[in-house]
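In my numbering, the protein residues as written are 4 to 112. Quick notes on the structure that follows.
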């Protein structure tokens, strides 16, 4: 029952995105699933599986370090050939900004 309670926000965001949403829109649902991870960690701690918790922390730390390195160095070398900004949004913001600039010039403000 607890799983259904915390999985509901994720399901709602996933269904409502309909393939046209941005990747970060489901983040509130993932945040709502965090208590389930806490319950799992507490169970592992009680069962004496501290080595497994340490392993997952090491993996998570490595993933964070690799991700931070990729962001700070503008991605892997091939990414520089594919696009100018690896952090740029891929959902039409460039054309929207061009149109907005044209409208500003047209209105004279």
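Glycine is no exception: its CB is placed at the ideal position from the N, C-alpha and C atoms.
Open item on the list: Contact between the segment 26-43 and the segment 58-75 is defined here as three or more beta-carbon pairs at a separation below 8 Å; is this criterion met?
Closed with: Below 8 Å, too few C-beta pairs join the segment 26-43 and the segment 58-75 to call them touching: fewer than three.
Task: residue 36 beta carbon less than 8 Å from that of residue 13 - done: Yes, these two residues count as a Cβ contact at 8 Å.
Task: Proximity of residue 16 and residue 31 at Cβ, strictly below 8 Å - done: Going by C-beta atoms, residue 16 is nearer than 8 Å to residue 31.
Task: Same chain only: Cβ atoms within 8 Å of residue 48, ignoring 5 sequence neighbours per side - done: Closer than 8 Å at the Cβ level, and outside the excluded window around residue 48, lie 56.
Open item on the list: Which residue marks the beginning of the alpha helix (DSSP H) containing residue 50, and which one marks its end?
Closed with: No alpha helix (DSSP H) holds residue 50; DSSP gives it neither H nor E.
Task: Start-to-end residues for the alpha helix (DSSP H) that takes in residue 101 - done: 96-110 is the extent of the alpha helix (DSSP H) around residue 101.
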